[in-house]
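In my numbering, the protein residues as written are 58 to 302. We treat Cβ as the ideally placed atom computed from N, Cα and C, and that holds for glycine. Everything numeric in this text was worked out from a predicted model, so none of it was measured.
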């Protein structure tokens, strides 16, 4: 029997537009002059962008990397993981495609600072090939673990507790981007057997929707194998999250 691991992360109270227990950002990062050159047959996408800490005052570090198509996805729809800007660089790139608003989620990590920030680029802007104006986004710490946000057990596909494992979610942050009608959720996962994994999901909302009550299902993390579904309880004014591995 093939098993599917599921976890329901109870009700996360207080996750309104301004969640009171979100950890504060540790920095603000700038990504500038982002481009993605796509080959005619969409087998190769070459990325280029500059990244720096806004407070550093130094020049941006140029980051160039290549993403190749897979058997079932063109290069502009493929996830990329742990791509360093260079052998000596502290900056690492992760990304994935979101079909809600047809855009790329790019999650920038700094290994030395142990922090991450989210950036979003529309496919339309990337396909033009022109450098995209700079974006400034808050960066949040990725470690060490500070808060346990939820705990449950994995279940088999038939909801029987076969081969159950404990999963933990830490440092959940939710960001509302009203200008682009997006909700971004970032958190860390520990499955009890390996090191922690990070997850960033960016989901588009309609202009008239309440971000606090927006629901979605089976959205893939930009950096990892996990998929996220978001629930909402109007009775408790709280959110719930289901993770699928």
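DSSP places residue 274 in the uninterrupted beta strand (DSSP E) bounded by 273-277.
Distance from the CA of residue 286 to the CA of residue 260, rounded to the nearest whole angstrom, comes to 11 angstroms.
In this model, residue 108 and residue 86 are separated by some 7 angstroms (Cα to Cα).
Rounded to the nearest whole angstrom, the CA to CA distance from residue 248 to residue 138 is 19 angstroms. In the DSSP assignment, residue 287 forms a beta bridge with 273 and 298. At a Cβ-Cβ threshold of 8 angstroms, residue 246 and residue 111 do not count as neighbours.
Under DSSP, residue 89 shares a beta bridge with 107.
Note that the C-beta distance between residue 99 and residue 131 is below 8 angstroms. Beta-bridge pairing by DSSP links residue 84 to 196. A residue is called buried once 16 or more other Cβ atoms fall within 10 Å of its Cβ, and residue 168, having fewer, is exposed. Per the C-alpha coordinates, the member of 162, 279, 166 and 171 positioned closest to residue 179 is 162. As DSSP reads the structure, residue 135 sits in no beta bridge. In terms of Cα proximity to residue 146, the closest of 187, 121 and 92 is 121. Under the three-state reduction of DSSP, residue 182 is assigned to helix. Annotated three-state conformation of residue 114 is coil, per DSSP. Separation of residue 113 and residue 257 (C-alpha to C-alpha, rounded to the nearest whole angstrom) is 25 angstroms.
Of the candidates 263, 266, 264 and 288, the residue whose Cα lies closest to the Cα of residue 275 is 288. Excluding residues up to 5 positions away in sequence, 238, 239, 240, 268 and 271 lie with their Cβ nearer than 8 angstroms to the Cβ of residue 262 in the same chain. Residue 173 counts as buried, since at least 16 other C-beta atoms from the protein chains shown sit within 10 angstroms of its C-beta.
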